[in-house]
Each structure stands twice: as structure tokens, then as C-alpha cells.
Amino acid sequence: MSTLKKRYTLTQSQKMMIFVLSMSLYGLSNMFTELIPSIQLGPIELSVEYFAFIPLTLCMLFHPLYAAVGAAVGEVIFGELMLGQFGGLGELEKFITFSLAMYIAGRMVSDPKNRRQVGIAAISGVAIHQFCSSVIDIAKVWVGVEELEAVQGLAESIVIIEGVGFLNDVLFSGILFALLPTMYLVPRLYGKIEPLLGMKPRERNMQYASGGKSWLSPKLLGGAILLALIAMGAELLSESGWSIGEFELPGAESNEGMLIWISMLAAAAVTAVVLTVILRKASRRRQEAGQLDG
Numbered sequence: 000m001s002t003l004k005k006r007y008t009l010t011q012s013q014k015m016m017i018f019v020l021s022m023s024l025y026g027l028s029n030m031f032t033e034l035i036p037s038i039q040l041g042p043i044e045l046s047v048e049y050f051a052f053i054p055l056t057l058c059m060l061f062h063p064l065y066a067a068v069g070a071a072v073g074e075v076i077f078g079e080l081m082l083g084q085f086g087g088l089g090e091l092e093k094f095i096t097f098s099l100a101m102y103i104a105g106r107m108v109s110d111p112k113n114r115r116q117v118g119i120a121a122i123s124g125v126a127i128h129q130f131c132s133s134v135i136d137i138a139k140v141w142v143g144v145e146e147l148e149a150v151q152g153l154a155e156s157i158v159i160i161e162g163v164g165f166l167n168d169v170l171f172s173g174i175l176f177a178l179l180p181t182m183y184l185v186p187r188l189y190g191k192i193e194p195l196l197g198m199k200p201r202e203r204n205m206q207y208a209s210g211g212k213s214w215l216s217p218k219l220l221g222g223a224i225l226l227a228l229i230a231m232g233a234e235l236l237s238e239s240g241w242s243i244g245e246f247e248l249p250g251a252e253s254n255e256g257m258l259i260w261i262s263m264l265a266a267a268a269v270t271a272v273v274l275t276v277i278l279r280k281a282s283r284r285r286q287e288a289g290q291l292d293g
């Protein structure tokens with residue numbers, strides 16, 4: 000009997016469906032977070048950073064590469080471009096760190112029904128993203144391309160300020176809007192949502208086409224370090240004046256509320272179209288299967 004593990008492969012249409020679904024769903028969720036007010040508790044600001052459970056769930060159920068990149072693209076399109084603004088080169092840092100963190104979290108899960116494994120991966124994904132962002136923010140102050148923005152009530156140290164922000168995002172947004180929803184959704188959706196896209200659920204003996212025997216491979220570790228350095232370099236260049244591609248449309252700031260609703264409606268429309276196509280294809284497959292059985 001062969002001991003080779005089966006590869007987890009997808010067709011081009013399935014890859015595109017996962018990409019667009021992740022893009023639209025996460026883009027829509029980003030607009031909701033813009034409308035949620037933050038709570039100030041002394042020097043600590045409690046705010047909803049993002050609904051990370053959406054890309055995390057898709058990365059754990061499907062191929063994490065297309066779900067992670069799709070979510071990052073959704074943030075750029077619906078959270079930046081449709082609001083009439085774009086950070087140019089500076090957006091590369093957020094794109095890389097977020098995609099990388101979600102991808103690693105998805106790779107960590109080999110059994111989507113294992114809640115403990117899902118929970119560890121979910122909180123790790125948020126922690127990796129926030130850690131990369133904090134390190135890059137610290138580097139910007141130390142290099143001198145950005146001034147220290149002191150927070151009243153905290154020691155004037157960039158390490159302390161970023162450390163508090165890191166813990167706030169991981170313990171607040173990470174637990175409430177990543178860990179708990181992901182632990183609930185992934186085991187419940189596993190085996191139910193995949194057939195709608197015409198694919199079999201991931202099995203424990205399946206490997207990704209781009210992966211090795213373990214999720215933490217030298218290839219992944221080396222690639223992650225390289226991407227993190229590229230993200231840091233792009234952000235340092237952006238802050239030092241190399242704002243390539245940066246723009247803001249006239250009136251974008253004054254009409255931000257209206258643009259948020261327009262972006263939200265656009266994301267909802269794309270999501271509705273994608274879900275309609277998925278459900279129609281699933282219905283057609285069931286009818287064809289019924290005719291074959293008959």
C-alpha cells in the first residue's frame with residue numbers, strides 16, 4: 000500500500016471562487032468595523048480591529064493561500080480604493096503581513112474538527128499579524144522616519160506603547176472576533192460548505208500542493224522572514240517620502256460616511272452574486288447526480 004499522502008488540489012474556477020468569496024466577505028466586514036465606535040479606558044483604547052474570523056475560517060476550510068490573499072485584496076478595494084484613498088507603497092506592509100498571518104494560521108490546521116487546533120491557529124494568526132505590525136512600527140521610530148506619538152498615561156517608550164497595543168488587539172479583537180467565532184464556525188461548517196463549491200472537504204492525510212510534511216517547513220519559515228523584511232522595507236520607504244502610488248480623491252474625507260455605505264453596498268452586491276453562482280452550481284450538480292442515479 001502506498002504511503003504517499005494525497006495532495007489537496009483545486010481547479011482554477013474553485014481557486015477563483017474562494018478568492019472572490021474571501022475578498023467580498025472580508026471587504027464587507029471591514030466596512031462594518033468602520034461604523035463601530037471605540038471605547039476609551041484611560042490610556043487603553045478598545046476598538047474592533049477587524050473581523051478576522053472570516054478569513055481565518057475560509058483559510059482553514061479551503062486552501063489558505065487564495066483565501067488569505069483574497070481577504071487582503073478585499074481590504075484594499077473596499078477599505079481603501081472605494082473610499083477614495085490609497086496609501087500607495089505603504090499599503091504593501093498591511094497586505095503582506097495580513098496575508099502571511101492568515102496563510103500561516105490556515106496551514107496550522109490539519110483537522111478542522113479539532114477545536115483546540117483551530118483555536119490555537121486562530122489566535123496565532125492574529126498574534127503573528129499584530130506582532131509584525133508592532134515590530135515595523137517600532138522600527139520606524141528607531142530608524143527615525145516617524146516621530147513617537149506619546150499616549151497619555153503610558154511611559155514614553157515606543158516598545159511599551161506598541162506592547163500595550165499588541166496585547167489590546169490580541170486579547171480584545173483576537174479573542175472576541177477571531178478565536179471564539181472561528182472555533183464555533185470551522186467545525187460546524189466543515190463538510191457542509193465545501194460541496195457547495197464542488198470540492199471535497201480537506202482530509203487529515205491531505206497535503207497542500209505547495210507544502211511539505213509539516214506546516215512549519217524551512218521553506219515557509221524562510222519565505223515568511225523574507226516577506227516580513229519586504230513589508231518593513233516598503234513601510235520605511237513610504238514613511239521616508241517614497242509615497243509611490245499614494246492618492247486621495249477630493250472630498251473623500253468630508254464624504255467618508257457616504258463612501259463607507261457605498262463600499263458596503265458594493266461588497267454586499269459582490270457577495271450576493273458569488274453566493275448565487277455557488278448555490279446554482281450546487282443545485283445543478285445535485286440534479287445531474289439525481290439523473291445519473293435514476
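With our numbering as the guide, the letters of the sequence shown map in order to residues 0 to 293. We put the CB at the ideal spot given by N, CA and C, even for glycine.
* Quick one: residues in its chain with C-beta nearer than 8 Å to the C-beta of Ser123, no 5 flanking neighbours on either side, listed in chain order? => Walking along the sequence shown from the start, residue 123 turns up at place 124. When the five nearest sequence neighbours on each side are left out, the beta carbons in the same chain lying within less than 8 Å of the beta carbon of Ser123 are those of Ile103, Ala104, Met107, in order along the chain.
* Taking Val68 as the reference, which of Met16, Lys112, Ala271 has the closest Cα? -> Along the sequence shown, read from residue 1 onward, the residue named residue 68 stands at position 69. If we check each option's Cα against that of Val68, Met16 comes out closest.
* Nonlocal neighbours in the same chain, by C-beta distance under 6 Å from Leu248, ignoring five residues either side -> Sequence index remark: in the sequence shown, residue 248 carries index 249 (1-based). Cβ within range, chain order: Gly83.
* Is it the case that the Cβ atoms of Ile38 and Leu45 are separated by a distance below 8 Å? -> As a first step, residue 38 is located in the sequence shown; it is residue number 39 there, counting from the start. As a first step, residue 45 is located in the sequence shown; it is residue number 46 there, counting from the start. A distance below 8 Å separates the beta carbons of Ile38 and Leu45.
* Beta-carbon proximity list for Leu57, same chain, < 6 Å, skipping 5 on both sides -> Along the sequence shown, one-based indexing puts residue 57 at 58. Here Leu57 has Ser21, Ala66 as same chain residues with Cβ atoms under 6 Å from its own Cβ, once five neighbours each way along the sequence are excluded.
* To do: Decide if Val276 is buried, meaning its Cβ has at least 16 other Cβ atoms within 10 Å, or exposed.
  => In the sequence shown, the residue the question calls residue 276 occupies position 277. Around the beta-carbon of Val276, fewer than 16 other beta-carbon atoms lie within 10 Å, marking it exposed.
* What's the gap between the Cα of Met101 and the Cα of Ala121? -> Looking up residue 101 in the sequence shown gives position 102. Looking up residue 121 in the sequence shown gives position 122. Within the model, the alpha-carbon separation for Met101 versus Ala121 is close to 8 Å.
* Asked: Do you know how far the Cα of Arg115 is from the Cα of Gln286?
  -> The residue given as residue 286 occupies position 287 in the sequence shown. The residue given as residue 115 occupies position 116 in the sequence shown. Straight-line Cα distance between these residues: approximately 38 Å.
* Identify whether Glu193 lies in helix, strand or coil by the three-state DSSP scheme. => Numbered from its first residue, the sequence shown carries residue 193 at position 194. The three-state reading of DSSP puts Glu193 in helix, counting H, G and I together.
* Take Ala125 and list the residues in its own chain whose beta-carbon comes closer than 6 Å to its own, dropping the five residues that flank it on each side. => As a first step, residue 125 must be located in the sequence shown, where it is residue number 126. Residue identity check: residue 125 is Val in the sequence provided, not Ala. Taken in chain order, the residues that qualify are Ala51, Val169, Gly173, Ala177.
* Other residues of its chain near Gly210: CB distance less than 6 Å, five sequence neighbours each side excluded -> Here the question's residue 210 lines up with position 211 in the sequence shown. Summary for Gly210: the model assigns pLDDT 49, below 50, so the residue's position carries little reliability; its value from the coordinates is reported in the next sentence. Taken in chain order, the list of residues that qualify is empty.
* Please state if the CB of Arg284 and the CB of Gly197 are separated by a distance shorter than 8 Å. => Here residue 197 is taken as the residue at index 198 of the sequence shown, counted from 1. Here residue 284 is taken as the residue at index 285 of the sequence shown, counted from 1. Inclusion of Gly197 and Arg284 in the CB contact set at 8 Å is warranted, their separation being smaller than that value.
* Counted within 10 angstroms of its Cβ, other Cβ atoms place Ser98 as buried (16 or more) or exposed -> If you number the sequence shown from 1, residue 98 lands on position 99. Ser98 comes out buried.
* Asked: Phe77: buried (16+ other C-beta within 10 angstroms of its C-beta) or exposed?
  -> Here residue 77 corresponds to residue number 78 of the sequence shown, with the count starting at 1. When all chains shown are included, Phe77 counts as buried.
* **Host alpha helix (DSSP H) of Phe130 (start-end)** => Within the sequence shown, residue 130 is the residue found at index 131, counting from 1. Taken as a continuous stretch (DSSP letters only), the alpha helix (DSSP H) holding Phe130 covers 114-142.
* To do: Closer than 6 Å by C-beta to Met30: which residues in its own chain qualify, once you throw out the five before and the five after it? Chain order, please.
  => Within the sequence shown, residue 30 is the residue found at index 31, counting from 1. Cβ-Cβ distances below 6 Å link Met30 to Ile259, Ser262, Met263 in the same chain, with the five nearest sequence neighbours on each side left out; the list follows chain order.
* Can you tell me whether Ala268 is buried or exposed, with buried defined as 16 or more other CB within 10 angstroms of its CB? -> If you number the sequence shown from 1, residue 268 lands on position 269. Its Cβ having fewer than 16 others within 10 Å, Ala268 is exposed.
* The beta strand (DSSP E) with Glu245 in it runs from where to where? -> By one-based count along the sequence shown, residue 245 stands at place 246. Segment 245-247, the beta strand (DSSP E) holding Glu245.
* Asked: Does DSSP put Ile35 in a helix, in a strand, or in coil?
  -> Walking along the sequence shown from the start, residue 35 turns up at place 36. DSSP places Ile35 in the coil class of the three-state scheme, outside both helix and strand.
* **Contact check, Val142 vs Leu235, beta carbons under 8 Å** => Here residue 142 refers to the residue found at position 143 when the sequence shown is read from its first residue. Here residue 235 refers to the residue found at position 236 when the sequence shown is read from its first residue. A contact, by the Cβ cut-off of 8 Å.
* Asked: Per DSSP, which one or two residues make a beta bridge with Leu45?
  -> Along the sequence shown, one-based indexing puts residue 45 at 46. BP columns for Leu45 point to Ile38.
* Asked: Helix, strand or coil: how does DSSP classify Gly232 here?
  -> As a first step, residue 232 is located in the sequence shown; it is residue number 233 there, counting from the start. Gly232: helix per DSSP, three-state reduction.
* **Of the listed residues Val272, Asp110, Leu55, Ala266, nearest to Leu27 (C-alpha basis)** => Taking the sequence shown and counting its residues from 1, the one referred to as residue 27 is at position 28. When the alpha-carbon of Leu27 is set against those of Val272, Asp110, Leu55, Ala266, the nearest one is in Ala266.
* Asked: Is it true that the CB of Thr181 sits closer than 8 Å to the CB of Cys131?
  -> Position 132 of the sequence shown, counted from the first residue, corresponds to residue 131. Position 182 of the sequence shown, counted from the first residue, corresponds to residue 181. Cβ atoms of Cys131 and Thr181: not closer than 8 Å.
* To the nearest angstrom, report how far apart Val19 and Ala281 are at their CA atoms. => Reading the sequence shown from its first residue, position 20 is the one you call residue 19. Reading the sequence shown from its first residue, position 282 is the one you call residue 281. Answer to the nearest angstrom: the Cα atoms are 17 Å apart.
* To do: Given a cut-off of 8 Å, decide if Phe85 and Gly244 are closer than it, judged by their beta-carbon atoms.
  => Here residue 244 refers to the residue found at position 245 when the sequence shown is read from its first residue. Here residue 85 refers to the residue found at position 86 when the sequence shown is read from its first residue. In this structure, Phe85 lies closer than 8 Å to Gly244 by Cβ.
* To do: With distances taken Cα to Cα, identify the nearest neighbour of Gly162 among Lys139, Tyr183, Ser133.
  => What you label residue 162 is simply residue 163 of the sequence shown in a count that begins at 1. Checked all of Lys139, Tyr183, Ser133; the closest Cα to Gly162 is Ser133.
* To do: Grab me the residues of Ser242's own chain with a C-beta within less than 6 Å of its C-beta, minus the 5 sequence neighbours each way, in chain order.
  => Your numbering for residue 242 matches position 243 in the sequence shown. Closer than 6 Å at the Cβ level, and outside the excluded window around Ser242, lie Gly87.
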